[in-house]
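Residue numbers (my numbering): 32 to 176.
Here it is in structure tokens:
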């Protein structure tokens, strides 16, 4: 009969709680977070976020505009999210942004347009950064428990 070690059992029991505690709360909009990460990568520096506005235009693209400051000066970015075709549901009626894609179809930073492969590269780098941060939070939570 194999020996069961308590440490893996404790980690397995704690992992769901740790993963859930690592998730952002309902007040954090995933589209905004991704837009800000992609903007920072496009700028090559970490901005201080000043303001954010979300513009919904029915079945057209949703636009999340954010203003920021960097050592280089003030700036603005806009991420465009395509409307997902389909019927309205209770979820989309309660949170209208749920009717839009979670990945931007276009990004504009200080008037410069990013789309196609360039946009895909920015998105990949932003998602990798978010993934590394999530794993670091999980490791930290496991160590702290």
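In this text, a Cβ means the ideal position worked out from N, Cα and C, and glycines have one as well.
As the structure is a computational prediction, the values presented were derived from the model and not from experiment.
Per-residue DSSP class, three states only, for residue i
i	result
residue 146	coil
residue 138	strand
residue 101	strand
residue 162	helix
residue 168	helix
residue 121	helix
residue 156	helix
residue 113	coil
residue 133	coil
residue 46	In this prediction, residue 46 scores a pLDDT of 38, lower than 50, which makes its location untrustworthy; the coordinate-derived value is nonetheless stated afterwards. The answer is helix: DSSP assigns residue 46 an H, G or I state.
residue 175	helix
Beta-carbon contacts of residue i that lie in its chain and below 8 Å, excluding the five residues immediately before and after
i	result
residue 153	69, 72, 73, 138, 145
residue 159	none
residue 174	none
Opening and closing residue of the alpha helix (DSSP H) in which residue i lies
i	result
residue 73	61 to 74
Nearest residue (CA-CA) to residue i, options the options
i	options	result
residue 92	62, 104, 175	62
residue 136	126, 142, 129, 148	148
residue 116	169, 131, 102	131
residue 79	107, 157, 60, 169	107
residue 134	164, 143, 150, 170	150
residue 103	75, 114, 175	75
residue 111	101, 121, 88	88
residue 90	171, 114, 77	114
Contact set for residue i: own chain, Cβ-Cβ below 7 Å, skip 5 residues either direction
i	result
residue 157	65, 68, 69, 72
residue 127	87
Nonlocal neighbours in the same chain, by C-beta distance under 6 Å from residue i, ignoring five residues either side
i	result
residue 142	none
residue 166	none
residue 140	70, 73, 108
Residue range of the beta strand (DSSP E) that includes residue i
i	result
residue 86	79 to 86
So does the segment 77 to 85 actually touch the segment 95 to 111, counting three or more Cβ pairs closer than 8 Å? Segments in contact, yes.
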